[in-house]
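Number of protein chains: 2
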Amino acid sequence: MAFTPLDPLLHNQLRLAIVSLLVSVEEGDFNFLLEKTGSTRGNLSVQITKLKEAGYISVNKGYKDNYPNTACAITYQGIRAFEAYVAAIKGYLNTGA
Amino acid sequence: MAFTPLDPLLHNQLRLAIVSLLVSVEEGDFNFLLEKTGSTRGNLSVQITKLKEAGYISVNKGYKDNYPNTACAITYQGIRAFEAYVAAIKGYLNTGA
DNA sequence: GAATATAGTTTATGTTACAAACAAGTCTAT
DNA sequence: ATAGACTTGTTTGTAACATAAACTATATTC
Chain A
7 MAFTPLDPLL HNQLRLAIVS LLVSVEEGDF NFLLEKTGST RGNLSVQITK LKEAGYISVN
67 KGYKDNYPNT ACAITYQGIR AFEAYVAAIK GYLNTGA
Chain B
7 MAFTPLDPLL HNQLRLAIVS LLVSVEEGDF NFLLEKTGST RGNLSVQITK LKEAGYISVN
67 KGYKDNYPNT ACAITYQGIR AFEAYVAAIK GYLNTGA
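Chains as they are written, first to last, in this note's numbering: chain A, 7 to 103; chain B, 7 to 103.
Rendered as structure tokens:
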């Protein structure tokens, strides 16, 4: 039971929340993530960009009811990374022998 | 299933590993933690200090075989914090509905 | 057409994580 | 007894990070 390194990209509260949401939902726009995470828009914007640059999510910028709309979806790579993170961190949470 | 804030002190790979180890062992010295975590001494020293200042662990500096020996043990407060962290992060790891 | 609202980005700043350099003492061999 | 290597930690310097405030751009309302 070693301490597997934790993906630094996912080991962040907001980014982990984003990915966790997108894994369940498979499609979520900026406001959805904003509301669900309780983040600020600035922080959300930054972290979405980072996840996108890492290839963990895809970002589709379009319009909805005349307003800009940023739709995010998790990628296969993102799912894999999330699953690996979940498996890894469990090694840290074991209290029992 | 909201996203409970994660204790920033525990949401760090090395500190989480330290606390996780001490929860199981109830007594671990510097070298024990060094070996188990695979950390560097510098980083370990810093994080032990932070955990101590937060009251999550107690640090007992003595000597063992003539050499300095830093014995660490988890406090009640540390156990509580760890348990809260474990409960909190599980809210981020749930993939299923 | 001015004011306000929406949707998001850029920037500025303080904080953090980390390892290299340092410090203080101990052992060994000569 | 002292030089050199080892042990056990601490301090410090730097780069990366997290975050919110300030900003941009367009849309709606009055």
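Think of the CB as a built atom: it goes at the ideal place given N, C-alpha and C, for glycine as much as any other residue. Here the structure is a predicted model, which means the values were calculated and not measured.
Looking at C-alpha atoms only, which residue of the options is the closest neighbour of residue i?
i, options, result
"tyrosine 62 of chain A", "A/Gly97, A/Leu12, A/Arg21", "A/Arg21"
"asparagine 37 of chain B", "B/Ile85, B/Ala77, B/Asp71, B/Leu99", "B/Ala77"
"alanine 87 of chain B", "B/Ala60, B/Leu99, B/Ser45", "B/Ala60"
"proline 14 of chain B", "A/Gly84, A/Leu12, A/Asn18", "A/Asn18"
"isoleucine 80 of chain A", "A/Leu16, A/Leu12, A/Val31", "A/Val31"
"lysine 56 of chain B", "B/Asn72, B/Lys70, B/Glu33, B/Gly84", "B/Gly84"
May I ask you to report which of helix, strand or coil DSSP gives residue i?
i, result
"asparagine 18 of chain A", "coil"
"tyrosine 73 of chain A", "strand"
"asparagine 100 of chain B", "coil"
"alanine 8 of chain A", "coil"
"serine 30 of chain B", "helix"
"glycine 61 of chain B", "coil"
Suppose the cutoff is 7 Å on Cβ atoms and the five residues either side in sequence are ignored; what does the same chain contact list for residue i look like?
i, result
"threonine 10 of chain B", "Ala94, Gly97"
"leucine 68 of chain A", "The sequence shown places glycine at residue 68 of chain A, not leucine. Once the five neighbours on either side are set aside, the close Cβ partners of glycine 68 of chain A are Asn75, Ala77."
Comparing the C-beta of residue i with each C-beta of chain A, is any distance below 9 Å?
i, result
"glutamine 53 of chain B", "no"
"alanine 103 of chain B", "Residue placement at alanine 103 of chain B is poorly supported in this model, since its pLDDT is 47, which falls under 50; the coordinates are not used for a value here."
"alanine 8 of chain B", "yes"
I'd like to know whether the C-beta of residue i is nearer than 9 Å to at least one C-beta of chain B.
i, result
"glycine 44 of chain A", "yes"
"isoleucine 95 of chain A", "yes"
Is residue i near the ligand ZN - that is, is its Cβ less than 8 Å away from at least one heavy atom of it?
i, result
"leucine 27 of chain A", "Absence of the ligand ZN from the depicted structure is noted, as is the absence of any ligand whatsoever, leaving it without description."
In chain order, what residues of the same chain have a beta carbon less than 6 Å from the beta carbon of residue i, not counting five sequence neighbours either side?
i, result
"lysine 42 of chain B", "Leu27"
Could you work out which residues of chain B lie near residue i, taking near to mean beta carbons separated by less than 9 Å?
i, result
"leucine 12 of chain A", "Gln19, Leu22"
"serine 26 of chain A", "Phe9, Gly97, Tyr98, Leu99, Asn100, Thr101"
Mind pulling the chain A residues with CB within less than 7 Å of residue i?
i, result
"valine 92 of chain B", "Leu99"
Excluding the five sequence neighbours on either side, which residues of its own chain have a C-beta within less than 8 Å of the C-beta of residue i, listed in chain order?
i, result
"isoleucine 54 of chain B", "Ile24, Phe36, Leu39, Ile63, Val65, Thr76, Cys78"
Who are the neighbours of residue i on chain B, taking C-beta pairs under 8 Å?
i, result
"isoleucine 80 of chain A", "Near isoleucine 80 of chain A there are no residues of chain B at all, since even the closest Cβ is about 11 Å away, more than 8 Å."
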